Amino acid sequence: MKPVQKIAVLTSGGDAPGMNAAIRAVVRKGIFHGLKVYGVFHGYNGLIRGELREMKLGSVADIVHRGGTILKTARCDEMFTEEGQREAAHQLLDKGIDALVVIGGDGSYRGAQTLSKLGINVIGLPGTIDNDIVGTDLTIGFDTAVNTVVDAVSKLRDTATSHERTFLVEVMGRNCGDIALRAGLAIGAESILIPEISFDLKEISEKLLRGYHRGKNHSIIIVAEGAGNIWDISSELQEVSGLDNRVTILGHIQRGGAPSAMDALLGATMGSKAVEVLMEGKFEVMISYSNNQVIERPLEIAFGPKDSFDQKLYDLANELAI
Ligand code: ATP
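Every letter in the sequence shown is one number past the one before it in the numbering used here, and letter 265, counting from 1, is 259.
Written out as structure tokens, the structure reads:
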């Protein structure tokens, strides 16, 4: 007797490129092992309303290269209430579903944890562009978002050089500076402002002026959304340096687009691993990418102390942008 016969998969929180590859892997790997696999539409909202449909091989055809999520996603206030959690659990138990795969960020994992306390077997897959889940080196969607930022900044750079201006570019990441740091290092930004490290606009201004005086005709400063209000940073920097600057907020384009090969691979390998782990009868776990391996770890790791910040990468970015 297999530990699970029927499983369900949902996506929750912000969409991320590579989620579709993960859904496809869960569905196909499940069917490969003779399981019945259900898709839950519209995240926890849909779960509470019973929006479950059995997925067939063809249900996930032609999606591996598409951004977004075919299951749709949502934020769901009812999941914060006991009544909502009980109804969500009831929908799964009522349909005889043995385990739920949740693809989303740490908020979505918390939702999964509440279901686990109500007797539902759960497993979390890290799907968010922010790379802010504790316990995994990478989340599905992060690499694509970094590439999107690099591409957008290379276009902005044309205007920055032509007008000989400083550009402040705000990128996503909530309270995590990973998108800013990786993209900033990749494009050779003059400064990278992230929530993890306090910054001094006077020092940044001095660096801008040093560059200006040695003939640099433009500068790019990457600002993580969690680092502070970009409009305040812009006006303060203008005041301190006396140099004009322009603000660009990249916004939701960072969440869209075809997944990079890395994210499509992460989706495929993590989705597949989730099913393997369920088949071994292991629940309340998260799938992680750690030291180039896709592994399972206890779900509560995601709620523990934050992973240490990549100080070396930050220092390198500063050293290369003297
Ligand atoms: P992203 O990082 O892309 O924003 P996320 O999963 O962290 O993704 P959240 O908005 O934090 O996004 O959470 C998604 C949904 O998970 C919430 O709308 C809610 O339904 C559920 N959820 C979050 N936190 C909890 C919690 N503490 N208890 C129950 N459900 C929760």
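Each residue gets a CB set at the ideal place from its N, CA and C atoms; glycine is no exception.
Bear in mind the structure is a predicted one, so any value in this text is a computation, not a measurement.
Asked: What whole-angstrom Cβ distance do residue 255 and residue 58 have, given they're in contact under 8 Å?; Found: Their Cβ separation, rounded to whole angstroms, is 11 Å, which puts residue 255 and residue 58 out of contact at 8 Å.
Asked: Could you pull out every residue in the same chain whose Cβ sits closer than 6 Å to the Cβ of residue 93, ignoring the five residues on either side in sequence?; Found: -2, 1, 115 and 272
Asked: Please confirm whether any heavy atom of the ligand ATP lies closer than 8 Å to the CB of residue 49.; Found: no
Asked: So if DSSP puts residue 48 in a beta bridge, which residue, or which two residues, is it bridged to?; Found: 32
Asked: Out of 110, 262, 305 and 285, state which residue places its alpha-carbon closest to the alpha-carbon of residue 54.; Found: 262
Asked: What are the start and end residues of the beta strand (DSSP E) that includes residue 232?; Found: Premise fails: residue 232 lies in the alpha helix (DSSP H), 224 to 235, not in any beta strand (DSSP E).
Asked: With a CB to CB cut of under 7 Å and the five nearest residues on each side skipped, what residues in its chain are close to residue 143?; Found: 165, 173, 177, 244 and 248
Asked: Hey, out of 209, 231, 207 and 208, whose CA is closest to residue 215's CA?; Found: 231
Asked: Using 8 Å for Cβ pairs, my map puts residue 13 next to residue 135. What's the rounded Cβ distance?; Found: 7 Å
Asked: From the DSSP output, in three-state form, read off residue 93 for me.; Found: strand
Asked: Pull up the distance between the alpha-carbon of residue 156 and that of residue 132, whole angstroms please.; Found: 36 Å
Asked: So, does the segment 65 to 72 touch the segment 26 to 40, judging by three or more C-beta pairs under 8 Å?; Found: yes
Asked: In terms of alpha-carbon separation, which member of 189, 101, 18 and 65 lies closest to residue 296?; Found: 101
Asked: List the residues that DSSP assigns as beta-bridge partners of residue 17.; Found: DSSP lists no partner for residue 17.
Asked: Do residue 6 and the ligand ATP come close, with the Cβ less than 8 Å from some heavy atom?; Found: yes
Asked: Which residue wins for smallest C-alpha separation from residue 96, given the options 126, 65 and 88?; Found: 65
Asked: For residue 74, which of helix, strand or coil comes out of DSSP?; Found: helix
Asked: Is residue 277 near residue 171, with beta carbons less than 9 Å apart?; Found: no
Asked: Do residue 16 and residue 265 come within 9 Å of each other at the CB atom, strictly closer than that value?; Found: yes
Asked: Can you name the start and end residues of the beta strand (DSSP E) that residue 290 belongs to?; Found: 287 to 292
Asked: Cα-Cα, which of 290, 260, 268 and 111 is closest to residue 23?; Found: 268
Asked: Which residue or residues does DSSP assign as beta-bridge partners of residue 130?; Found: None; residue 130 has no bridge partner.
Asked: In terms of DSSP beta bridges, what is residue 185 paired with?; Found: 215
Asked: In chain order, what residues of the same chain have a beta carbon less than 8 Å from the beta carbon of residue 224, not counting five sequence neighbours either side?; Found: 162, 164, 217, 241 and 243
Asked: When DSSP labels each residue in this structure, what does residue 63 get in the three-state scheme?; Found: coil
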